[in-house]
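Reviewing the structure listed below.
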Amino acid sequence: CQQATIPPAAAAAAPAPHPRESAKAGMRTRRESKAPRLPRDAARKGPPAAAAAAQPRVEPHEYMLSLYRTYSIAEKLGINASFFQSSKAANTITSFVDRGRDDLSPSALRRQKYLFDVSTLADKEELVGAELRLFRKAPGDHFSKAQTGLAHLQVSPCLSGRLLDSKALDLQKEASSRADGDWEVFDVWQALQPRQPRKQQQQQQLCLELRAVGGTRTHGPGQMLDLRSLGLGRGARPQQEKALLVVFTRSRLKNLFAELRQERENQPGHPSAHALSRAPAAHGHLRFQSRRTRR
Amino acid sequence: TAYNNRHGKRHGKKARLRCSKKALHVNFKELGWDDWIIAPLEYEAYHCEGVCDFPLRSHLEPTNHAIIQTLMNSMDPGSTPPSCCVPTKLTPISILYTDAGNNVVYKQYEDMVVESCGCR
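Protein sequence lines correspond, in order, to chains A and B. One rule links them: number in the numbering used here = place in the first sequence (from 1) + 1206. One rule links them: number in the numbering used here = place in the second sequence (from 1) + 2.
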């Protein structure tokens, strides 16, 4: 039955569809799933529901959809998804989309800051890994083939020189590459360690800084390079190409009530919240009634 | 034993289904949860239904307590209820949803699908 919600294997084998299309084929985004209910809800619940409906809804990132597809298929085959190396033995994987603003100045972009609101990460969860995923567009014509040597992409916490992770790029090889672009993945687990107590954790922003340092194979690191020329400029990026912080946690809470409670707190006027808040009360009422009858 | 034929099966109105796994199709949209669950929008959860009466079959993996309770029930149904037909093995499913901060989350939820039922 679950198979019905997953795009067929043929679709996966075909050229990758636009994430929005794949979401439509197999899974509905919040926008689509909620659409038919809006008039009724808005009419019944008045301003709170209408206000909730006006909020922008999430377009799931292709990486998360792909993760879900892979692990749910594995599950059907009886393979525990937490055994996958990519899952880092986590049972919860949360994605945070970059909220950083673009630097519109025409000057060379030497440093770029990525901002993530990680306040929803629960302290009760054990952090087992964190990755910064940056989409690097293929170098265009402006990227001179004359460029040689290596570029070192370095990620560190903002206002700190502590290096979290780095990647070496062969600029000559990059110039001849025909791919549209690729994702660069950095291990940023250390940036989330040690976790702060819950009260201080609220509204916490994680700020990570990227810089590229030039250098040759024979010589050491040199000057800082323009990130735009390396395909790392952030200007006018579609949602699917925005930087993503992926946090891997092992949740000790095994039931659905945490999410349901969170959802109810988030949307007080929503019908599902009403249904949820009603359910235990109704159950309690029945229990009370039966006890009274018995008495 | 009055209702048992020579094959040991019951017939007529009093025949009751033994504890076993039955279909339970869950549709998150119908539950009104499609506003936070992205996928799957439906799945087969199964449920356990039927009676745990004497004699208990070994495939129902009864606990020693369930065996005693069933025996007591068979001797005097008024004194003790039969043991309960409940899930004995459950498996997880993957769920993709949006959290309170509108972040997309993948989570493996334990105990979402009934694999087998038994008497407890």
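Ideal placement from N, C-alpha and C gives every residue a C-beta, glycine not left out. Bear in mind the structure is a predicted one, so any value in this text is a computation, not a measurement.
Task: Coil, strand or helix - A:THR1276 by DSSP - done: helix
Open item on the list: In the DSSP output, what is A:GLU1337 paired with across the bridge?
Closed with: A:ASP1393, A:VAL1452
Open item on the list: Buried or exposed, going by whether 16 or more other CB atoms sit within 10 Å of the CB of A:ARG1440?
Closed with: buried
Open item on the list: Suppose you measure from the CA of A:ALA1280 to the CA of B:TYR45; what does that come to, to the nearest Å?
Closed with: 15 Å
TODO: Specify the secondary structure class of B:LYS24 as computed by DSSP and reduced to three states.
DONE: strand
Open item on the list: Any C-beta of chain A within less than 9 Å: which residues of the segment 98-112 of chain B qualify?
Closed with: LEU98, TYR99, THR100, ASP101, ALA102, GLY103, ASN104, ASN105, VAL106, VAL107, TYR108, LYS109, GLN110, TYR111, GLU112
TODO: Report the partner residues of A:HIS1358 according to the DSSP bridge assignment.
DONE: A:ALA1374, A:VAL1419
Open item on the list: Less than 7 Å separating the Cβ of B:CYS119 from some heavy atom of the ligand ATP?
Closed with: With respect to the ligand ATP, the structure shown offers nothing to examine, as it has no ligands at all.
- [ ] Check distances from the C-beta atoms of the segment 1313-1338 of chain A to those of chain B and list, in chain order, the residues that come in under 8 Å.
- [x] ASP1323, SER1325, THR1326
Open item on the list: Counting only Cβ-Cβ distances shorter than 8 Å, please list the residues of the segment 24-41 of chain B near chain A, keeping chain order.
Closed with: HIS27, LYS31, LEU33, GLY34, TRP35, ASP36, ASP37, TRP38, ILE40, ALA41
- [ ] For A:ARG1498, name the three-state secondary structure that DSSP assigns.
- [x] Residue placement at A:ARG1498 is flagged as unreliable, the pLDDT there being 44, under the threshold of 50; the coordinate-derived value follows with that caveat. Three-state DSSP puts A:ARG1498 in a helix.
Open item on the list: Does any residue of chain A have a CB that is nearer than 8 Å to the CB of B:THR96?
Closed with: Here residue 96 of chain B turns out to be Ser, not Thr, going by the sequence shown. Interface residue, yes.
Task: Minimum C-alpha distance to A:ALA1442 - residue among A:LYS1343, A:GLY1284, A:PHE1454 - done: A:LYS1343
TODO: Any chance you could list the alpha helix (DSSP H) runs of at least 4 consecutive residues sitting entirely within the segment 23-87 of chain B, in chain order?
DONE: 66-77
Task: Among B:THR100, B:THR90, B:ASN104, the one whose alpha carbon lies nearest that of B:GLU63 - done: B:THR90
Task: Buried/exposed call for B:ASP113, threshold 16 Cβ in 10 Å - done: exposed
TODO: State the beta-bridge partners of A:ASP1388 as determined by DSSP.
DONE: A:ARG1342
Open item on the list: Please list, in chain order, the chain B residues whose beta carbon lies closer than 7 Å to that of A:HIS1267.
Closed with: VAL106
Task: Span of the beta strand (DSSP E) around A:ILE1285 - done: Note, A:ILE1285: premise wrong, no beta strand (DSSP E); not H, not E.
Open item on the list: What does the Cβ neighbour count give for A:ASP1329, buried or exposed, with the cut at 16 atoms within 10 Å?
Closed with: exposed
Task: Cβ of A:LEU1273 within 8 Å of any chain B Cβ - done: yes
Task: Strand pairing of A:CYS1413, partner residues [DSSP] - done: A:LEU1321
- [ ] Could you tell me the boundaries of the beta strand (DSSP E) in which B:GLU112 lies?
- [x] 106-121
Task: Neighbourhood of B:LEU19 by C-beta, 6 Å cutoff - its chain only, sequence neighbours within 5 removed - done: GLY52
Open item on the list: My assumption, with CB atoms under 8 Å, is that B:HIS121 sits in contact with B:SER85. Please give the rounded CB distance.
Closed with: Checking the sequence, you will find Cys at residue 121 of chain B rather than His. At roughly 5 Å, the Cβ-Cβ gap stays under 8 Å, so B:CYS121 and B:SER85 are in contact.
- [ ] Flag A:LEU1283 as yes if its beta-carbon sits less than 8 Å from any beta-carbon of chain B, otherwise no.
- [x] no
- [ ] Taking 8 Å as the cut-off, decide whether the C-beta atoms of B:TYR111 and A:MET1270 are in contact.
- [x] no
Open item on the list: I want to verify the contact list: residues of chain B whose CB lies under 9 Å from the CB of A:VAL1264, in sequence order.
Closed with: ILE40, THR100, ASN104, ASN105, VAL106
- [ ] Could you tell me the distance, in whole angstroms, from the CA atom of A:SER1366 to the CA atom of A:GLU1332?
- [x] 25 Å
Task: Beta-bridge partners of B:LYS91, as assigned by DSSP - done: B:SER118
Task: Presumed contact (8 Å Cβ cut-off) between A:ALA1336 and A:ALA1418, rounded CB distance - done: Not really, about 21 Å apart at Cβ, beyond 8 Å.
Open item on the list: With the cut-off set at 8 Å, would you say A:TRP1395 and A:PHE1341 are in Cβ contact?
Closed with: no
Task: Under 8 Å from the C-beta of A:LEU1462: neighbouring residues of chain B - done: TYR111
Task: Backbone CA spacing between A:ALA1295 and B:TYR99 [nearest angstrom] - done: 19 Å
Open item on the list: In the DSSP output, which residue or residues are listed as bridge partners for B:TYR99?
Closed with: B:ILE39, B:VAL107
TODO: Can you tell me which of the three DSSP states A:SER1457 falls into?
DONE: coil
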